[in-house]
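As structure tokens, the structure follows; a few thoughts come after it.
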Amino acid sequence: MHNNKRPTGFDAAARADGAVTRRRFPEGFLWGSATAAFQIEGATAEGGRGPSIWDTFCAKPGRIADGSNADVACDHYHRWQQDIAMMAELGLQAYRFSLAWPRIFPAGRGAANQEGIDFYQRLIDGLLAADIEPMVTLFHWDLPQALQDRGGFQNREICDHFADYAETAARTFGDRVKTWFTHNEPNVFAFNGHLHGSHAPGLQDVNGYFRVAHHLNLSHGMAVARVRENAPNCRIGPVIHQALFDSTDGSEAGRQAVEQSDTSFNRLFTDAMLKGEYPASLVPILEAQSGLVQDGDLAAMSAPSDFLGINHYTRYWVKPDGQSPTGVASDDHRVPGANYTALDWEVFPQGMYQVLTDANERYGLPVMITENGCAMDDTLVEIDGVKSVADDSRIEFLSLYLDAVHRAIDDGVEVLGFLQWSLMDNFEWAEGLEPRFGLVWVDYDTGERTVKDSGLWYRDVIARNGLPSAVESRKQSAMQEAL
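Each residue of the sequence shown is one higher than the one before, starting from 30 at the first, in this note's numbering.
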């Protein structure tokens, strides 16, 4: 992620008649939204919560682009009832959120924190009372600092601690939570946090990257086993940032750069978790670290998953680079005529279709879209005391990507549901509070929430279980303008 802002308007071609036709989704398709504990909860020093690596990272000058932190964020810890009412207003059928590991185990292990458990008990019960399915992510990057002080995910002992935490969560909430996710984007956590250094804990170590990757894979499998033991009627799987790589270099070197990026960023995790093997090209790298991959690890890390959670946003351009420790570097290539989000991410809905069909061909598991959305240059306006956000570009983005999801379904991919990112604007990691991904605007000074036009549009999509036609979209826009 970076802060180079670009225009975000969508050109006429993307809005042409038929660009997105009426699309009904299969019966039982699940519609929802997603958040993460550190990004929305705030209350970082309340309720017995211990410090996480992201609290430490935010306190280091220059680490967060806009200088902000998540001490308050959306104040969801205090406003959760209001937020559930807002979800119900939007018609959400499901809500994916993460448990804050340091809120349940302030030191990452040992005695559990009852105040933290009670908070999530209330949240889960509140969601169920509103007829919204709670879907729990066990780890969304906020590792307890006490465990990082012991080496974090570079230390094999983390696997046992994560499994113990997963067991506690399943035993406590498993009677009501039926859908579980182990790690959220372990590939991003490993790459940005341990190779690139742009995320917590801010390390840059090639060997460390592969150690962390293996321990994430192993801890995933161990957690799957523990959750199944303690919540036998659940479904569970990992969430991967399924990146699509491309190159302007048409040579063999360019092709290899794309393949290597896919192998070392995506398949290092998905092949391990879902097939119980590492890509052949990576085996020598892993074996070079004595004692890293031990007997039984491959079987343990591939404990059967019920689905693959896929987060997908854009495509990444890469190029060969002999000076890079990985032999590959990112490429700042821009596609002429393409649309870009406020974070300068290319709008490329074909990528969604491609990653879904590729995953289906390689792994054959049902898929859940666990994140998709965009940061746009939203503006809050107030007219006659009524506040609103006209985020047409977000509606256009989601329409195009959902159309790609539907095409994948038509071509045989079993997609269980779509969880939009994000329910509300929040703390966007190293970018801070500036990027706005939400269906709901958050005033960070007052905590006030305002449903954006995209939230109203998404409510309509959920109600009809499908996308409006281009003609219907224009009629709806005309009615909104008339009002």
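In this text, a Cβ means the ideal position worked out from N, Cα and C, and glycines have one as well.
| query | result |
| --- | --- |
| Report the start-end ranges of each beta strand (DSSP E) in the segment 451 to 491 that is 3 residues or longer and not cut off at the edges. | 469 to 471 and 478 to 480 |
| Note down the Cα distance separating G79 from V396, rounded to an integer number of angstroms. | 34 Å |
| Using a threshold of 8 Å, state whether the C-beta atoms of Q174 and T85 are closer than that. | yes |
| Suppose the cutoff is 6 Å on Cβ atoms and the five residues either side in sequence are ignored; what does the same chain contact list for P349 look like? | A282 and A286 |
| Restricting to Cα atoms, I'd like to know which of Y392, R488, E196 and D171 is closest to E70. | D171 |
| Assign Q233 to buried or exposed, taking buried as 16 or more other Cβ atoms, counted over all protein chains shown, within 10 Å of its Cβ. | exposed |
| Using 8 Å as the cut-off, can you tell me whether the segment 108 to 119 makes contact with the segment 150 to 164, which would need three or more C-beta pairs spanning the two stretches below that distance? | yes |
| Could you pull the start and end residues of the alpha helix (DSSP H) that G283 belongs to? | E281 to S290 |
| Where does Q233 fall in DSSP's three states? | coil |
| For A114 and W486, I'd like the C-alpha separation in whole angstroms. | 18 Å |
| Name the two residues that bound the continuous alpha helix (DSSP H) containing H190. | I187 to F202 |
| Out of curiosity, what's the CA-to-CA distance linking M302 and G250? | 7 Å |
| Count the other C-beta atoms from every protein chain shown that fall within 10 angstroms of the C-beta of E411, then say buried if there are 16 or more, exposed otherwise. | exposed |
| Have a look at G91 and S81 and give me their C-alpha separation to the nearest angstrom. | 18 Å |
| Buried or exposed: which applies to V415, given that a residue is buried once 16 or more other Cβ atoms fall within 10 Å of its Cβ? | exposed |
| By how many angstroms is the C-alpha of D160 removed from the C-alpha of S483? | 22 Å |
| Given G495, which residues of its chain have a CB within under 7 Å of its CB, disregarding the five upstream and five downstream residues? | R51, R52, R53 and F54 |
| Is it true that the CB of F168 sits closer than 8 Å to the CB of N246? | no |
| Should V235 go down as buried or exposed, given a rule of 16 or more other Cβ atoms within 10 Å for buried? | exposed |
| Can you tell me the Cβ-Cβ gap for V444 and V434, rounded? I've got them flagged as a contact below 8 Å. | 6 Å |
| Using only CA atoms, which one of G467, F294 and G461 lies nearest to M27? | Because the chain is modelled from 30 through 512, residue 27 falls outside the range shown and cannot be assessed. |
| In angstroms, rounded to a whole number, what distance separates the CA positions of A388 and E316? | 26 Å |
| How long is the line joining the alpha carbons of G366 and L337, rounded to whole angstroms? | 33 Å |
| Please report how far the alpha carbon of A94 lies from the alpha carbon of Y345, in whole angstroms. | 21 Å |
| Quick one, which of Q289, G320 and L224 has its alpha-carbon nearest L311's? | Q289 |
| Along the chain, which unbroken stretches of the alpha helix (DSSP H) at least 4 residues long are found entirely within the segment 329 to 414? | 379 to 392 |
| Across which residues does DSSP place Q449 in a beta bridge pair? | S62 |
| With hydrogens ignored, establish whether the beta-carbon of A175 is closer than 7 Å to any heavy atom of the ligand ATP. | Among the components modelled here there is no ligand, and therefore nothing to report on the ligand ATP. |
| I'd like the span of the beta strand (DSSP E) that includes T211, first residue to last. | T208 to N213 |
| Using the Cα positions of P313 and N295, report the straight-line distance between them to the nearest angstrom. | 18 Å |
| Buried or exposed: G402, going by 16 or more other Cβ atoms within 10 Å of its Cβ? | buried |
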